[in-house]
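Numbering-wise (the numbering used here), the sequence shown opens with residue 48 and increments by one.
We treat Cβ as the ideally placed atom computed from N, Cα and C, and that holds for glycine.
Note that the structure is a prediction, hence the values are computed from the model and not measured.
So the structure is just underneath, and the comments pick up after that.
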Amino acid sequence: MSCHPRAVRTLSIVAVALILAACSTLPSVGSSAQPEPTPPPTGAVTPEPSRSPAATDGPAATDPLLAFELVDVRSGERFTLSELAADKPVLLETMAIWCTTCLSQQREVVQAHDIADFHSVGIDVDPNERAPDLAAYSEREGFDWRFVVADRELVGLLTDRFGFEVTNPPSTPTFIVSDGTIRALEFGRVRSAQELVDEIAAG
Numbered sequence: 048m049s050c051h052p053r054a055v056r057t058l059s060i061v062a063v064a065l066i067l068a069a070c071s072t073l074p075s076v077g078s079s080a081q082p083e084p085t086p087p088p089t090g091a092v093t094p095e096p097s098r099s100p101a102a103t104d105g106p107a108a109t110d111p112l113l114a115f116e117l118v119d120v121r122s123g124e125r126f127t128l129s130e131l132a133a134d135k136p137v138l139l140e141t142m143a144i145w146c147t148t149c150l151s152q153q154r155e156v157v158q159a160h161d162i163a164d165f166h167s168v169g170i171d172v173d174p175n176e177r178a179p180d181l182a183a184y185s186e187r188e189g190f191d192w193r194f195v196v197a198d199r200e201l202v203g204l205l206t207d208r209f210g211f212e213v214t215n216p217p218s219t220p221t222f223i224v225s226d227g228t229i230r231a232l233e234f235g236r237v238r239s240a241q242e243l244v245d246e247i248a249a250g
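What follows is the structure, given as structure tokens:
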């Protein structure tokens, strides 16, 4: 059977068109086209993205207790425990004027100051006591370190961190502030001057 020349020419044109159409769907050599991702099989566990914290140029978070602004009842000086500890260690005690156990501990602190170099801070946690009375108490007893009357916010920071016993002065709540940290000593006893110095040295 013979084909008409015009029919052959038409078939040739159609064949070339089909070949060109097929070639146009293939990526060219060096093309950046990427294959479609293959979905995971049913039931497969998809790994979670990394939870590593992103790097930041900002400063580290500051301890709110160490950054809390305190006011010395005698001088009116404003300071933070963090600022004092940057200079030298801080011996911190929560206390009240009426507390005889606090007084015994504070007399040991006087002797500890003769042995070692550190800051002391007394924080009055009795809500009924006032700054002028605390200033008169420290003057009368010859305690020449900083004394502060705690407000509600400061008491909240202390109790959140160390529990409500920190507001019970006769349990002698005592702390060491050093190297950006605050460490509670065991509550419930008066420490000698040398014991205090040893605790300060331990940081």
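- Message: Excluding the 5 residues flanking LEU204 on each side, which residues of the same chain have their C-beta closer than 8 Å to its C-beta?
- Response: Within the sequence shown, the letter at position 157 stands for residue 204. If we look at LEU204 and ignore the five residues flanking it on each side, its Cβ neighbours are PRO111, LEU112 and PHE115.
- Buried or exposed: which applies to GLY227, given that a residue is buried once 16 or more other Cβ atoms fall within 10 Å of its Cβ? As a first step, residue 227 is located in the sequence shown; it is residue number 180 there, counting from the start. Looking at its Cβ environment, which holds fewer than 16 other Cβ atoms inside 10 Å, GLY227 is exposed.
- Message: With H, G and I counted as helix, E and B as strand and the rest as coil, what does DSSP make of SER122?
- Response: To locate residue 122, count along the sequence shown from 1; it is residue 75. Correct three-state label for SER122: coil.
- Message: Helix, strand or coil for GLY203? Go by DSSP, reduced to three states.
- Response: Against the sequence shown, residue 203 aligns to sequence position 156. Looking at GLY203 - three-state DSSP - the assignment turns out to be helix.
- Message: The beta strand (DSSP E) that contains ARG230, what's its start and end?
- Response: Counting from 1 along the sequence shown, the entry for residue 230 is found at position 183. 228-231 is the span of the beta strand (DSSP E), which, as asked, contains ARG230.
- Task: Just mark GLN152 as buried or exposed, buried being the case when its beta carbon has 16 or more other beta carbons within 10 Å.
- Result: Your numbering for residue 152 matches position 105 in the sequence shown. When all chains shown are included, GLN152 counts as buried.
- Option in PRO179, GLN241, ARG238 and VAL224 with minimal Cα separation from LYS135: The residue you call residue 135 lines up with position 88 of the sequence shown. Of the listed residues, the one whose Cα sits closest to LYS135 is VAL224.
- Query: Contact between the segment 156-171 and the segment 236-244: three or more CB pairs below 8 Å?
  - Reply: yes
- Would LEU139 count as contacting chain D if we go by Cβ distances under 8 Å? Absent here is chain D; the protein component of the structure consists of one chain.
- Buried or exposed: ASP207, going by 16 or more other Cβ atoms within 10 Å of its Cβ? Working through the sequence shown from its first residue, we reach residue 207 at position 160. Exposed, because fewer than 16 other Cβ atoms sit within 10 Å of the Cβ of ASP207.
- Starting from the C-beta of PRO259, find all residues in its chain whose C-beta is less than 6 Å away, skip the five residues before and the five after it, and write them out in chain order. An answer regarding residue 259 cannot be provided, because it is not within the stretch 48 to 250 covered by the chain.
- Item | Alpha-carbon spacing of SER122 relative to ARG154, whole angstroms | Locating residue 122 in the sequence shown gives position 75, where the first residue counts as 1. Locating residue 154 in the sequence shown gives position 107, where the first residue counts as 1. If you take the alpha carbons of SER122 and ARG154, they lie about 21 Å apart.
- Item | For LEU138 and ILE229, the rounded distance between their alpha carbons | Translated into positions along the sequence shown, residue 229 becomes position 182. Translated into positions along the sequence shown, residue 138 becomes position 91. The straight-line gap from Cα to Cα measures roughly 10 Å.
- Tell me which same chain residues have a C-beta within less than 6 Å of the C-beta of ARG125, skipping the five on either side of it? Mapped onto the sequence shown, residue 125 falls at position 78. If we look at ARG125 and ignore the five residues flanking it on each side, its Cβ neighbours are GLU116 and VAL118.
- Message: Is the beta carbon of ASP173 closer than 8 Å to that of ALA143?
- Response: Position 96 of the sequence shown, counted from the start, is the residue given in the question as residue 143. Position 126 of the sequence shown, counted from the start, is the residue given in the question as residue 173. Yes, Cβ-Cβ distance for ALA143 and ASP173 is below 8 Å.
- Item | Unbroken alpha helix (DSSP H) run spanning ILE247, endpoints | Taking the sequence shown and counting its residues from 1, the one referred to as residue 247 is at position 200. That run of the alpha helix (DSSP H) goes 240-249.
- Message: In whole angstroms, give me the CA-to-CA distance for GLU233 and PRO179.
- Response: As a first step, residue 233 is located in the sequence shown; it is residue number 186 there, counting from the start. As a first step, residue 179 is located in the sequence shown; it is residue number 132 there, counting from the start. When rounded, the distance between both Cα atoms is 30 Å.
- Between the CA atoms of GLY210 and ALA249 - distance to the nearest angstrom: By 1-based counting over the sequence shown, the position of residue 249 is 202. By 1-based counting over the sequence shown, the position of residue 210 is 163. Taking the straight line joining both Cα atoms gives about 23 Å.
- Task: Tell whether a beta-carbon distance below 8 Å holds between THR221 and GLU130.
- Result: Taking the first residue of the sequence shown as 1, we reach residue 221 at position 174. Taking the first residue of the sequence shown as 1, we reach residue 130 at position 83. It is not a contact, given that the beta carbons lie outside the stated cut-off.
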